[in-house]
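Chains as they are written, first to last, in this note's numbering: chain S, 22 to 484; chain Y, 3 to 320.
Where a beta carbon is used, it is the ideal one built from N, C-alpha and C, also for glycine.
Everything numeric in this text was worked out from a predicted model, so none of it was measured.
As structure tokens, then:
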């Protein structure tokens with residue numbers, strides 16, 4: 022964990038991954054009271070959408086979602102409905118007090134002085150305006166296309182009184198990565214349909230991200246989305262014809278549908294702006310360019326951290342195992358921070374029947390090395406080294422082992438898969454191994470080094 | 003989102019209001035709604051922008067509210083109360099010395115607006131019927147007050163002298179206007195008829211002299227508003243016959259009919275300062291911008307949930 026010295030990342034990690042196992046509530050009480058140093062909070066501000074800084078006052082507190090202070094506990098007492106209502110009344114009163122009230126009272130007759138001062142006769146001026154500002158502005162934007170979502174303004178629920186409205190957090194998945202990290206808060210009247218809500222979102226989006234090209238309303242769909250912006254692709258998009266009030270979700274993702282394709286492919290719809298494009302885009306404005314460059318770099322850093330974080334999470338892959346006689350069998354390779362499992366897959370074709378792979382499981386500490394061994398055009402091969410004597414090794418006397426003994430104690434598996442999967446697996450395993458840095462691995466690395474030195478010295482001797 | 007806060011009078015402000023209890027401020031050339039303000043508990047009857055473009059006055063049932071145009075505050079900053087029934091019109095003396103209002107409580111009022119005075123109620127003028135429209139003569143000392151019983155009052159604010167005109171028996175007068183040069187006065191009534199008087203300035207201390215000039219049937223149904231263009235060459239009338247019509251003041255012939263399918267009642271209208279464009283507000287929930295010369299609709303301002311019945315517009319010269 023010492024690797025992660027990025028404060029921002031750490032805070033985000035704590036907020037999102039902290040799990041409390043303390044049932045007494047004491048942990049919460051202590052941690053909730055803790056406040057972040059202000060400068061850190063300010064630093065973090067760059068990751069917040071400036072638009073909703075006011076609404077999301079809570080976001081400033083970078084505490085774990087797992088810490089939820091029980092209202093009944095300790096100094097905090099549950100608020101009754103009456104208290105809540107009183108507070109509401111108080112707020113209304115406060116709002117009212119900002120308004121100056123002037124009452125009409127039967128006027129006293131004005132003095133001659135007042136009349137003289139107030140009612141001064143003026144000569145009507147002949148005003149001739151040859152060209153108004155309005156005309157000029159209209160002429161300037163004759164060819165500017167009208168905002169195609171203008172008609173959806175009427176579904177905006179902000180500033181509406183007495184009409185039921187719905188508040189949504191909308192993730193705009195079609196925007197460049199750095200602009201879609203934070204949801205857009207949309208207030209929509211409750212009688213609007215999903216399609217009208219989409220139109221309203223696009224209108225607001227076109228107003229805040231003016232230069233981003235957007236398509237017609239029908240080409241977008243709203244999907245259930247996690248609070249962190251991850252679109253849930255297990256469910257179809259919300260029916261555009263249905264009323265928004267029918268659905269109870271308040272966190273949604275707007276996804277652009279590819280043309281002529283009914284099923285949405287989530288992988289392809291998310292356009293990622295490369296840093297190069299990104300630089301070009303902002304090269305006009307140096308300040309923003311620098312700022313955005315920094316953000317891009319930070320994002321890149323976060324991405325690396327994220328990959329590292331996710332490495333110990335269980336994931337399984339379908340790959341081919343290659344045995345000593347080059348026969349291949351399809352297996353399921355499960356990798357997690359705990360162990361690596363190889364499970365045979367029920368063979369459908371008779372071609373592989375002669376290869377029998379028994380299910381095997383290796384503790385992660387017995388795995389010592391993983392590398393890509395062969396890059397062919399169609400597929401790539403990779404090798405996972407392990408020590409079969411793991412467990413007994415722990416108790417045996419370490420040190421003084423010769424390289425000969427060690428080389429015999431390491432075995433390996435050969436696998437084959439496509440390039441993408443291979444790379445992912447190798448990266449994942451190596452990240453886990455790096456993090457754990459087991460005794461077996463250290464020995465393997467030491468052996469490898471010795472071998473290298475030997476090779477070198479023998480080469481020198483030959484000279 | 004930001005309305006020019008240094009308010010140097012070189013900005014355009016278009017505000018609309020109506021039955022949905024909101025007031026919207028528009029970016030006129032793009033049609034985008036810049037800001038929405040709350041007008042709780044009442045429809046918006048009339049809107050007016052102060053001459054210094056700092057505040058927006060909105061009248062509703064029993065009150066007049068003032069909104070700050072230089073901030074983003076959705077709530078009013080001043081609330082005028084103590085009135086019964088609907089307040090139907092509002093306007094300002096050109097130096098912001100006082101505000102005038104008219105309402106269904108059969109009165110027109112002058113509210114002292116000068117900073118140093120603490121007494122705000124300055125003058126009241128009682129009529130025998132609910133007031134539908136109040137208009138200030140450009141000489142700044144005469145107020146024209148129209149009421150539902152068909153009477154038009156010319157009220158001299160200095161002397162309280164008042165003159166009455168009854169153009170069409172008891173037919174309700176819905177709106178009255180005086181052109182910027184002070185030469186014409188127009189009034190429209192519920193039969194769709196438009197009456198024109200010529201005005202001649204009198205010697206100091208005496209009311210303007212009026213003489214009926216012409217009358218014509220502007221619309222087949224209620225005529226709701228009449229407004230002169232800033233150059234005094236045109237007059238726009240709006241009506242429940244779902245049109246607005248532009249008339250030449252030289253001979254009061256029809257120059258343009260502004261019509262749009264399903265726009266329903268056209269409630270209000272406002273000219274650009276060069277008289278080249280006119281805005282209309284209608285029951286279809288839209289405000290619209292028309293080219294006076296071609297009669298073509300140039301922009302639509304969509305966003306209100308219900309009928310738009312009033313608008314205020316302040317233009318600037320280039």
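Item	Value
Classification of residue 305(Y) by the beta-carbon crowding that lies within 10 angstroms, buried from 16 upward	buried
Reduced DSSP category for residue 307(Y) - H, G, I as helix; E, B as strand; rest coil	coil
Proximity of residue 227(Y) and residue 176(Y) at Cβ, strictly below 9 Å	yes
The region 213 to 220 of chain S touching the region 148 to 160 of chain S, judged by at least three CB pairs closer than 8 Å	no
Contact check, residue 276(Y) vs residue 152(S), beta carbons under 9 Å	yes
Near-chain Y residues of the region 110 to 127 of chain S - C-beta to any C-beta below 8 Å	116, 119, 120, 121, 122, 123, 124, 125, 126 and 127
Within chain S, the residues that residue 274(Y) reaches when beta carbons sit closer than 8 Å	153, 155 and 156
Alpha helix (DSSP H) runs contained entirely in the region 171 to 200 of chain Y, provided each spans 4 or more residues	none
First and last residue of the uninterrupted beta strand (DSSP E) at residue 447(S)	Careful: residue 447(S) lies outside any beta strand (DSSP E), inside the alpha helix (DSSP H) at 440 to 457.
Alpha-carbon spacing of residue 321(S) relative to residue 445(S), whole angstroms	17 Å
Partners in chain Y for residue 140(S), counting only beta-carbon separations shorter than 8 Å	142, 143, 159 and 160
Option nearest residue 439(S) by Cα separation, candidates 479(S), 447(S) and 433(S)	447(S)
Residues of the region 179 to 211 of chain Y with Cβ closer than 7 Å to any Cβ of chain S, in chain order	182, 183, 184 and 206
Enclosing alpha helix (DSSP H) for residue 336(S) [first to last residue]	Premise fails: residue 336(S) lies in the beta strand (DSSP E), 336 to 343, not in any alpha helix (DSSP H).
Contact set for residue 78(Y): own chain, Cβ-Cβ below 7 Å, skip 5 residues either direction	67, 68 and 69
Beta-carbon proximity list for residue 130(Y), same chain, < 8 Å, skipping 5 on both sides	108, 149, 151 and 153
Three-state secondary structure (DSSP) of residue 30(S)	helix
Proximity below 9 Å, CB of residue 309(Y) to CB of residue 271(Y)	no
Beta-ladder partner(s) of residue 258(S), from DSSP	The partner list for residue 258(S) (beta bridge, DSSP) is empty, contrary to what the question assumes.
Exposed unless 16 or more other CB atoms sit within 10 angstroms - verdict on residue 128(Y)	exposed
Selection from 104(Y), 83(Y), 116(Y) and 110(Y) that minimises the alpha carbon distance to residue 124(S)	83(Y)
Selection of the region 252 to 286 of chain Y by Cβ proximity to chain S, strictly under 7 Å	274, 275, 276, 278 and 279
Beta bridge counterpart(s) of residue 229(S) as assigned by DSSP	Per DSSP, none; premise fails for residue 229(S).
Extent of the continuous alpha helix (DSSP H) to which residue 113(S) belongs	102 to 118
Among 145(S), 250(S) and 177(S), the one whose alpha carbon lies nearest that of residue 204(Y)	145(S)
Distance CB(residue 148(S))-CB(residue 97(Y)) smaller than 9 Å	no
Proximity winner among 155(Y), 63(Y), 42(Y) and 48(Y), relative to residue 117(S) (alpha-carbon distances)	42(Y)
Start-end ranges of the beta strand (DSSP E) lying completely within the region 276 to 307 of chain Y, minimum 3 residues	279 to 284, 288 to 293 and 299 to 304
Candidates 233(S), 183(S) and 143(S): closest to residue 200(S) by CA position	233(S)
Exposure of residue 204(S), with buried meaning 16 or more beta-carbon neighbours within 10 Å	buried
Beta-carbon gap between residue 275(S) and residue 193(S) smaller than 9 Å	yes
Three-way DSSP call (helix, strand, coil) for residue 177(S) in this model	strand
Paired residues, beta bridge with residue 66(Y) - DSSP	61(Y) and 82(Y)
Pair within 9 Å by beta-carbon distance, residue 196(Y) and residue 239(Y)	yes
Cβ shell of residue 220(S) (< 6 Å), same chain only, five flanking positions each side left out	170, 173 and 238
Ranges of the alpha helix (DSSP H) found wholly within the region 112 to 157 of chain S, counting only runs of at least 4	133 to 139
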